[in-house]
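Note sheet for the following structure.
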Amino acid sequence: MRLPADDATNGWSAILPARAPRPALQGPVRADWLVLGAGCAGLAAARRLAELRPHAHVVLVDAGTVGDNASGRNSGFAIDVPHNVGSSLEELRQAAHYQRLLAAGMADLQRHITAHAIDCQWRRAGKYHCAVSPAAGRTLEHHARELSTLGEPHEWLDRDALAARLGTRYFAAGLYTPGTVLLNPAALCRGLADALPAQVALYENTPVHALDIAPHAVVAHTAQGRIEAPQLIVASNAFAQQLGLFQGETFPLATFGSLSAPLTPTQRERLGAPQGWGVTPVNAVAGATLRYTDDHRLLVRQGFEYAPRFRVAGAVRERVRRAHRAVFDARFPQLADVPLAHFWEGAIAITRNGAPRWGRLASNVHGVAGCNGVGIVKHTVLGALAADLALGQDHPLIADALALGALARMPPAPFLGLGVRAYIAREKWAGRAER
Numbered sequence: 000m001r002l003p004a005d006d007a008t009n010g011w012s013a014i015l016p017a018r019a020p021r022p023a024l025q026g027p028v029r030a031d032w033l034v035l036g037a038g039c040a041g042l043a044a045a046r047r048l049a050e051l052r053p054h055a056h057v058v059l060v061d062a063g064t065v066g067d068n069a070s071g072r073n074s075g076f077a078i079d080v081p082h083n084v085g086s087s088l089e090e091l092r093q094a095a096h097y098q099r100l101l102a103a104g105m106a107d108l109q110r111h112i113t114a115h116a117i118d119c120q121w122r123r124a125g126k127y128h129c130a131v132s133p134a135a136g137r138t139l140e141h142h143a144r145e146l147s148t149l150g151e152p153h154e155w156l157d158r159d160a161l162a163a164r165l166g167t168r169y170f171a172a173g174l175y176t177p178g179t180v181l182l183n184p185a186a187l188c189r190g191l192a193d194a195l196p197a198q199v200a201l202y203e204n205t206p207v208h209a210l211d212i213a214p215h216a217v218v219a220h221t222a223q224g225r226i227e228a229p230q231l232i233v234a235s236n237a238f239a240q241q242l243g244l245f246q247g248e249t250f251p252l253a254t255f256g257s258l259s260a261p262l263t264p265t266q267r268e269r270l271g272a273p274q275g276w277g278v279t280p281v282n283a284v285a286g287a288t289l290r291y292t293d294d295h296r297l298l299v300r301q302g303f304e305y306a307p308r309f310r311v312a313g314a315v316r317e318r319v320r321r322a323h324r325a326v327f328d329a330r331f332p333q334l335a336d337v338p339l340a341h342f343w344e345g346a347i348a349i350t351r352n353g354a355p356r357w358g359r360l361a362s363n364v365h366g367v368a369g370c371n372g373v374g375i376v377k378h379t380v381l382g383a384l385a386a387d388l389a390l391g392q393d394h395p396l397i398a399d400a401l402a403l404g405a406l407a408r409m410p411p412a413p414f415l416g417l418g419v420r421a422y423i424a425r426e427k428w429a430g431r432a433e434r
């Protein structure tokens with residue numbers, strides 16, 4: 000099994016106090032439920048199982064450390080409205096279903112953060128969906144019409160208005176939606192993991208190397224133990240393929256982030272001393288996601304690489320690191336003296352048509368995969384609903400989850416790799432003015 004090369008560079012966790020991970024699994028364990036993956040979906044599934052079956056024993060395992068897994072490496076946007084990635088508008092076409100699902104996922108996160116006083120810089124700051132070029136501006140106009148149809152509040156901003164709020168004149172137009180929450184994703188995952196109910200046993204740094212699935216029993220084999228359970232929920236996103244699941248349905252992309260040192264008071268004045276904000280680009284493949292955090296750091300997220308082996312060459316990382324510096328300097332020329340103190344990569348699972356993979360995989364196996372780069376809220380609600388579906392609960396949102404559509408199958412290798420690389424190149428070319 001190939002695992003990501005974790006070089007402990009995740010900036011979000013690096014700026015947090017040290018946390019002792021839960022011990023790795025040692026020896027055999029029996030449980031009523033096994034959940035694979037302690038990211039947003041897996042944490043939500045385990046919580047929901049414990050809520051609905053308070054006497055059941057739930058085992059949750061993660062191959063790495065909570066907060067340093069993929070869910071702890073994203074840009075920290077808990078997005079409450081349908082959101083497009085790349086130039087695709089697929090999520091907007093399913094907008095009504097996503098609207099209900101995202102509202103439920105956001106409410107669930109808010110409830111647990113409040114109940115357990117999770118300190119993750121959770122703040123409803125909204126987001127700015129921004130365009131540089133006229134072509135991207137037209138896509139933004141389409142998005143605005145969709146939001147109007149849905150009755151979602153939004154505000155159109157021109158270059159001057161954006162500059163006053165963001166401290167950069169780089170963007171020609173932006174669409175502000177007020178409901179998005181900005182946060183530190185590593186702190187969120189840590190807090191949710193540490194607040195799990197007592198009947199959920201979490202094992203970190205416990206990769207599952209093989210799965211034996213029979214109609215009434217699942218056995219997960221690890222380096223130093225094994226877990227037996229009659230029911231399994233798979234929430235390991237891109238990595239599930241290595242266990243024979245979601246074959247031909249998702250593919251992994253490596254994404255990259257940089258986080259600056261905290262701005263000094265003088266540097267903050269040069270920026271204009273705004274409140275914390277978040278920017279998503281109209282074309283996420285070509286453009287850059289940006290954050291200004293409540294602790295006065297700037298984040299740049301840009302770059303996608305096809306990573307079927309969950310490894311990216313050092314030369315690629317260095318090229319992307321330099322590109323992040325160029326992105327930063329182009330948008331904030333007044334902050335050329337601000338160092339980008341942290342640089343890291345993470346993995347996301349992409350589906351061919353934008354629909355997530357969710358539902359029943361076998362009589363006793365359920366799962367969720369295909370975050371498509373916007374997973375904090377979406378995978379929280381889909382993880383919880385996977386538990387409802389597995390338990391036979393009659394939840395009204397199950398119909399919305401099922402209505403998101405069936406996945407389009409992927410071509411086999413080597414055609415998949417050729418197609419993915421061609422897609423990335425095409426998106427970069429189409430959105431070259433957004434860089």
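Heads up: the sequence shown begins at 0 in numbering that gives the first Met the number 0, then just goes up one per residue. All residues carry an ideal CB built from backbone N, CA and C; glycine is no exception.
- Rounded to whole angstroms, the gap between the alpha carbons of Ala134 and Ala325 is 23 Å.
- Beyond the five residues adjoining it in sequence on each side, Asp399 comes within less than 7 Å, by CB distance, of His96, Arg99 and Leu100 in the same chain, given in chain order.
- In the DSSP assignment, Cys129 falls within the beta strand (DSSP E) that extends over Lys126 to Ala130.
- As DSSP reads the structure, Gln230 sits in a beta bridge with Trp32.
- The three-state secondary structure of Arg290, taken from DSSP, is strand.
- Going by DSSP, Thr179 is part of no alpha helix (DSSP H) at all; its letter is neither H nor E.
- Sixteen is the threshold: since fewer than 16 other Cβ atoms of the shown chains lie within 10 Å of the Cβ of Phe414, the residue is exposed.
- Of the other Cβ atoms in all chains shown, fewer than 16 fall within 10 Å of the Cβ of Trp155; this residue is therefore exposed.
- CA-CA distance, Cys188 to Asn236, rounds to 15 Å.
- Non-local beta-carbon contacts of Leu270 in its own chain, meaning distances under 8 Å to residues more than five positions away in sequence, involve Gly166, Leu262, Tyr291, Phe331, Gln333 and Leu334 in chain order.
- DSSP places Asp107 within a helical segment (H, G or I) once states are collapsed to three.
- By the Cβ neighbour-count rule, Pro184 is buried, with 16 or more other Cβ atoms within 10 Å of its own.
- Less than 8 Å divides the Cβ of Leu181 from the Cβ of Arg122.
- The beta-carbon separation of Ala213 and Gly366, rounded to 17 Å, does not stay under the 8 Å limit for a contact.
- Here the alpha carbon of Thr8 sits roughly 9 Å from the alpha carbon of Asp67.
- Ala192 is the residue among Leu35, Ala192 and Arg158 whose C-alpha sits nearest the C-alpha of Ile112.
- Sorting Gly277, Thr379 and Gly404 by C-alpha distance to the C-alpha of Ala94 places Gly404 at the top.
- Put simply, the backbone Cα of Gly10 is about 28 Å away from that of Ala163.
- Secondary structure remark: continuous beta strand (DSSP E) runs of at least 3 residues inside the segment 340-427, in chain order: 356-361 and 364-368.
- Counting along the chain, Trp11 sits inside no beta strand (DSSP E); it lies in the alpha helix (DSSP H) bounded by residues Gly10 to Ala13.
- In the three-state scheme derived from DSSP, where H, G and I count as helix and E and B as strand, Val218 is classed as strand.
- In this structure, DSSP gives Ser74 a state outside helix and strand, which the three-state scheme calls coil.
- Annotated as distal: Val278 and Gly178, with beta-carbon spacing of 8 Å or more.
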